[in-house]
Amino acid sequence: AADINQLTERLVATLHEEQSLRRLHELDERKYRGIFDNAESGIFVADRHGDLESYNRSFARLTGLVAEYPGPPANIADLPWSDPAGTRALIPRCLEDNQPVSEDIELTNTDQGSRWLNLALTPVGGDLVQGLVSDITQRRLAEIAARHQAVTDPLTGLTNRQGLESLVAQAIQAAPEQSFA
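Numbering (my numbering), first residue to last: 178 to 358.
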């Protein structure tokens, strides 16, 4: 009887410990789900073929994927990227090299017009990648404006000396056997 009572006490203690661990697990799961759903950056998980397993609201908002989150299953390569083939090749490259990859890619035909997104992929095992998408449109526009200012006169808007030299070098490269004026 003493052995049975001891086993019963150990069983009850083990059940209480298991319940406590389950509560902690549920709490952690809710915390991480809250972080995932409310992150400012778009977060997603996709398989080798680009089929989205899950994604957060920010990903849907940044890509214009669906008006209602969570939406129907989609493929990341079907989004309106400026270079769909290059985007499609990122996931296999990430999985084959087993290394994170990152690219700045233009997304066209969105409600807000064209926007630039940084797409960072990390392999997570089982032929899945975790992706992080950040809007870098303002940074890209600033880079374009800086390049434009470097080759034009700010007062007249005409090409300056550096811009002229760049245009001549481009013309020479484009048509090495032809003359130009």
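Positions of the beta carbon are idealized from the N, C-alpha and C atoms, including for glycine.
Predicted, not measured: the structure shown is a model, and the values here were computed from it.
- Positions of the alpha helix (DSSP H) runs, each at least 4 residues long and wholly inside the segment 250-280, are given as 261-274 in order along the chain.
- Note on residue 341: under 16 other CB atoms within 10 angstroms of its CB, so exposed under the neighbour-count rule.
- Excluding residues up to 5 positions away in sequence, 222, 299 and 301 lie with their Cβ nearer than 6 Å to the Cβ of residue 307 in the same chain.
- According to the DSSP assignment, residue 348 belongs to the alpha helix (DSSP H) that extends over 338-351.
- Annotated three-state conformation of residue 307 is strand, per DSSP.
- In the DSSP assignment, residue 221 falls within the beta strand (DSSP E) that extends over 219-224.
- Residue 231: member of the beta strand (DSSP E) spanning 229-232, first to last residue.
- In the DSSP assignment, residue 302 forms a beta bridge with 305.
- Less than 9 Å separates the beta-carbon of residue 284 from that of residue 294.
- Excluding residues up to 5 positions away in sequence, 221 lie with their Cβ nearer than 6 Å to the Cβ of residue 232 in the same chain.
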